[in-house]
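Take any residue in the sequence shown, count from 1 to its spot, add 1148: that is its number in this note's numbering. Note that beta-carbon positions come from the ideal geometry of N, C-alpha and C, so glycine has one too. Report on the following structure.
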Amino acid sequence: KKDCKSKYKDKGHKGNYKKINVANAISTSESSADEDQCNMAAEGKLLTSRGLIDGKPMKIAFDCGATVSIISNKMIDKHVMETIPTNKKVKIADNSVLKIDKMTKKIEVNKSGHICFLEFWVIDNQENDALLGLDWFNLTGAGVFPNQNNRVA
């Protein structure tokens, strides 16, 4: 399995990617086969930006090491967003495993005019309102390029 750091280490990498302006740096780690990975690195380690989720402005982190996208329980409560029950587990960056008991249906994600629809797993995450994982990167064709001015393209 290639992570985004090894996949895009070649500075000359070219692709048909959408331009999305964001800042900061990105962090990755490995995941086990029986759990989904959701990296929530120390503050300031994930690439962050502003965007709209379900039409609501939010602080969004980008993590190509996370297999799924997440949204904070705080945002679900604040915006009275509908959730559905689930019974999943997620392994986070410190190797602890969290039980996920709710998720969203597919909702609109709008980052710089690029729109897609994703399900989000709901967790308590105080650093960011939401985190876009590999599901978002794969759906949009975006990539992480830390050596370029536009780090997510």
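query, result
"Nearest candidate by alpha-carbon position, reference A1241, set N1273, E1267, S1260", "N1273"
"Spatial distance of A1209 from G1281 (CA atoms)", "9 Å"
"L1287 - DSSP class collapsed to helix/strand/coil", "helix"
"Given K1239 as reference, the closest of W1269, V1292, C1264 once Cα atoms are compared", "W1269"
"Beta-carbon gap between V1228 and D1283 smaller than 9 Å", "no"
"I1201 vs E1256 beta-carbon contact at 9 Å", "yes"
"Simplified DSSP assignment, three categories, for K1239", "strand"
"Coil, strand or helix - D1223 by DSSP", "For the sequence presented, residue 1223 should be read as Met rather than Asp. Helix, per DSSP."
"Assigned secondary structure, L1282 (DSSP; H/G/I helix, E/B strand, else coil)", "helix"
"Cβ-based neighbour list, V1245, same chain, cut-off 8 Å, excluding 5 preceding and 5 following", "E1183, K1237, V1238, K1239"
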